[in-house]
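**Student:** Dropping a structure here in structure tokens format, bear with me for questions.
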Amino acid sequence: FKDALCAAKSSDGRFIITTPNMDFIPEPILGRQRVTKHMSGRYGVVDPIIWPQVFAGGDCAHFAVITRYIRDPRLTGVWCNPIEKDFVPLRGCLIVTLGKLVPTALEMLQGLVDMADKKAKTYMRGQDISRAPTGLSFPVIAMKHTMVRLRDFPSTFRDVVRNVAELQRYFLYTIAWLHWQRLVEDKLRDMGSLDIPKPTPVHKWMMGCFTTDPVVAQKLYLVGIPVWLLREIDAMEPGVIIQNVARKLLQPPVSGRLDPSAPTLYVGTVGIQHLRSMNRGGHVYCDLPQPLPAQPTFHQQLLEVPRSMSGPSLPSTPVASASASSRHLMQAPSNIGVQRTPKTKPTIQPCNSKNVHKSQVRGRDKFARLDHPWAPASIPAWTSALASVKCPQVVRPPSELWGYQVPEPGILVGPADETRRKRFFLNWLRAHEAWLYMMNNPDLPKKRIGSQLWRDYLNSEGLQSLTDDKDTRVAGRKQQVIQIFGQVFEESHIKWEHDVAVPWFNREIRQIMEDVARQILWELYELGFRFDLLALDSYLRPAVDVHEEQQRVELISAIFGSGSSSMLWLSSLPVSNQGLAADHPRDRARSLEALRVVICRWPSCPAEIRRAAPLSVASPVDVIEDMEHRLAEVFTQTFFDVSGCAALIPHRMYKNPMIL
């Protein structure tokens, strides 16, 4: 095009802005800008879902066809913002500010997810979405993960607002990517020339974009995308016919207040980098301290491990000892994996109470099966693998141990006194929602707590009792317990209600009976295993970007049959033994194969596992069981080598009389 339907001068007087297909001129967002989240959960005028941006091309090209506000009942959820009455606080939770969206709001958002997912699957013609181009798979997976968090994870109201905004963002990104493929990529590929007699009618419901490139403007004009061409005044061509001159530029909507707790994601010239900076995969928790690392700091040697499946192994001889518990708040320490040369060559033996250093077995032997009537049923392959972990008698300092991301199940059944044991269980349930909320936040260092710290919290009778102890060492540990929650939640938001039933999986828990206790212990084992597997995989295969982290979540989720659901939060208890805990080997085959795929990515993966044929329900039982033993041994040994701790392993909730 050459002539213009509408034109205007930019506010700074530098440019003449023309458009061949729109009857208004929006204010262009140019120059140096700052990308910071607002209280609405969006990013203001630099946000492509709010206002037209400068066309960046590449993996952000489809932002030009993002849907602007239209009156469509199916899209109501895209434009709605949660208000206080949409938020229901949890009852009986340690943190009074945690809650969830009302069911009607969740249903509306789930409708958006289902709509976008269906369109993506139609485009992929039945292929798995993980095989789709990144421009499609990334927003679809991010949208699903955000929906899971909104549906299953309690959070603060402010975080609900931000996560709703993220879900809306990735819905719009998904639909825009599909529109771009249909309207632009395919059509321009068929055109072959920019000189065609009749352009496509403009799609006024699209966001559109600015550009300084006449060729880009011509292409977008031909396929019906709103476009505004920026030309410096002294470079304006003579003879351009302008049908209408806009007296004023259309101004962007009021952005609202900046979020004071949100980090600055980008400062610089507008373009592809500023657009990419908003792609956080749906992980947005602004009620938490920012900025914080999303991953632990790993030892440089492991960061440099080749990414090929045939890369070098970890040291075959563990170089540090296990401790059954740690008295320090831990995240993955930076010096784990450093070779320590002892004065004498350490003896490598199975880690059990008879042959390990006394520091490796404080209290219960965590390499042995939990021997208690309330304990969930063990899985022979995993119990055997844990008992066979090899460890030297070289003492690893407590500061190098990972500790526990959930209480070690043996702690809860440790007290002989029934009243104290009940207090342990109920105190865990009171902290359950708040703790998992913290653990599922990628912007917080993953907190790992030693057994004694867990005991101090579980045995307490309120916040005041945590600070009243006269024993200096005990008081110091209890102060650490307070700080664990205090770094995230204000003290006024922490409420200890002893006379209120504690909700847990849609039940009100007041008494700890054997069947309930077994289910609580099973959940601890299950969550502990999932946390440990994710932490170990992150350690051995650090993600280079958010998309790789998404792929990690999808791979590990497949082990538990949860698809895009959270692998770190259980929305319900299983009605039967499933996945890795299924009673029959063939029912475990798919989960074991998914675990094999994950372990094959590790540098230390044995060749016989990497080269093995994929498992399926048709595989011979002896082949499945042999691979199960190998996978369990690799996981338990590798976890110990890296963390210095005994891993929490899968268990069966329901005891099968056919299985000892």
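Counting along the sequence shown from 1, when you hit position 98 you're at 98 in UniProt numbering, and nothing is skipped either side.
Ideal Cβ positions, reconstructed from N, Cα and C, are used throughout, including at glycine.
Owing to the predicted nature of the structure, the values given are computational and were not obtained by experimental measurement.
1) Classify Met438 as buried or exposed, calling it buried when 16 or more other Cβ atoms lie within 10 Å of its own Cβ.
2) Taking the alpha-carbon positions, what's the Tyr404 to Phe505 distance?
3) If you follow the alpha helix (DSSP H) that Gln519 is in, where does it begin and where does it stop?
4) Determine which residues share a DSSP beta bridge with Ile449 and list them.
5) Tell me whether Leu229 sits in a helix, a strand or coil according to DSSP, three-state version.
6) Following the continuous beta strand (DSSP E) through Val35, name the residue where it begins and the one where it ends.
7) Within its chain, find whatever has a CB closer than 6 Å to the CB of Val406; leave out the 5 residues flanking it on each side and keep chain order.
8) Should Trp79 be labelled buried (16 or more other beta-carbon atoms within 10 Å of its own) or exposed?
9) Return the CA-CA distance between Leu90 and Arg42, expressed in angstroms with no decimal places.
10) Output the distance between the C-alpha atoms of Leu521 and Phe635, rounded to the nearest integer angstrom.
11) Answer with buried or exposed for Thr76, where buried requires no fewer than 16 other C-beta atoms within 10 angstroms of its C-beta.
12) Assuming residue 744 is part of the alpha helix (DSSP H), what are its boundary residues?
13) Using a threshold of 8 Å, state whether the C-beta atoms of Glu433 and Leu150 are closer than that.
14) How far does the alpha helix (DSSP H) with residue 680 in it extend, from its first residue to its last?
15) Take the Cβ of Val575 as the centre, count every other Cβ of all protein chains shown within 10 Å, and call the residue buried at 16 or more, exposed below.
16) Taking DSSP as the reference, what is the three-state secondary structure of Tyr123?
17) Between the Cα of Leu580 and those of Ala375, Ser572, Leu592, Ala647, spot the shortest distance and give me the residue it belongs to.
18) Measuring alpha carbon to alpha carbon, tell me which of Phe367, Leu401, Val113 ends up nearest Val164.
19) Mapping DSSP to helix, strand and coil, what is Gln53?
20) Note down, in chain order, each residue of its chain lying with its Cβ closer than 8 Å to the Cβ of Met309, except the 5 sequence neighbours on either side.
21) If you run the structure through DSSP and keep just helix, strand and coil, what is Ile138?
22) Would you give the residue range spanned by the alpha helix (DSSP H) that Phe24 belongs to?
23) Does the distance from the C-beta atom of residue 664 to that of Ala501 stay below 8 Å?
24) Quick check on the DSSP output: what are the complete beta strand (DSSP E) runs of length 3 or more inside the segment 69-115, in order along the chain?
25) Which word fits Val215, buried or exposed, when buried means at least 16 other C-beta atoms lie within 10 angstroms of its C-beta?
26) In whole angstroms, what is the alpha-carbon distance linking Val54 and Gln243?
27) Is Leu370 near Gly410, with beta carbons less than 8 Å apart?
28) To the nearest angstrom, how far is it from the Cα of Met653 to the Cα of Phe424?
29) When DSSP labels each residue in this structure, what does Leu5 get in the three-state scheme?
30) Below 8 Å on the Cβ atoms is my contact criterion, and I expect Trp205 with Thr67 to pass it. Report the Cβ-Cβ distance as a whole number of Å.
31) Near Cys209, what residues of its chain come up, given a Cβ to Cβ distance below 8 Å and the 5 sequence neighbours on each side ignored?
32) What does a CB cutoff of less than 6 Å around Arg541 pick up in its chain, not counting 5 residues either side in sequence?
33) So which of Ala132, Leu275, Leu230, Glu418 has the shortest CA-CA distance to Pro28?
34) So, under 8 Å CB-CB, Arg125 and Val267 are touching, yes? Tell me the CB distance rounded to an integer number of Å.
35) Exposed or buried, what is Glu400 when buried is set at 16 or more other beta-carbons lying within 10 Å of its beta-carbon?
36) Would you mind giving the Cβ-Cβ distance between Ala8 and Ala246, rounded to the nearest angstrom? I have them listed as a contact below 8 Å.
**Tutor:** From the atom records:
1) buried
2) 23 Å
3) 514-540
4) Tyr404
5) strand
6) 32-36
7) Leu524, Leu527, Gly528
8) exposed
9) 26 Å
10) 21 Å
11) exposed
12) With the chain running from 1 to 660 in the structure shown, residue 744 is simply not present.
13) no
14) The first residue shown for the chain is 1 and the last is 660, placing residue 680 beyond what the model contains.
15) exposed
16) helix
17) Leu592
18) Val113
19) strand
20) Any answer about Met309 is weak, because its pLDDT of 27 lies below 50 and its placement is not dependable; what the coordinates show is given next. The residues are Cys600, Arg601, Cys605, Arg610.
21) Looking at the sequence shown, residue 138 is not Ile but Phe. Three-state result, Phe138: helix.
22) That residue, Phe24, is in no alpha helix (DSSP H); it is neither H nor E in DSSP.
23) This structure gives no information on residue 664, because the portion of the chain shown stretches from 1 to 660.
24) 87-89, 99-101
25) exposed
26) 24 Å
27) yes
28) 20 Å
29) coil
30) 6 Å
31) Pro52, Gln53, Val54, Phe55, Phe63, Ala64, Leu220, Ile225, Pro226, Val227, Trp228
32) Arg601
33) Leu230
34) Arg125 to Val267, Cβ: 42 Å. No contact.
35) buried
36) 4 Å
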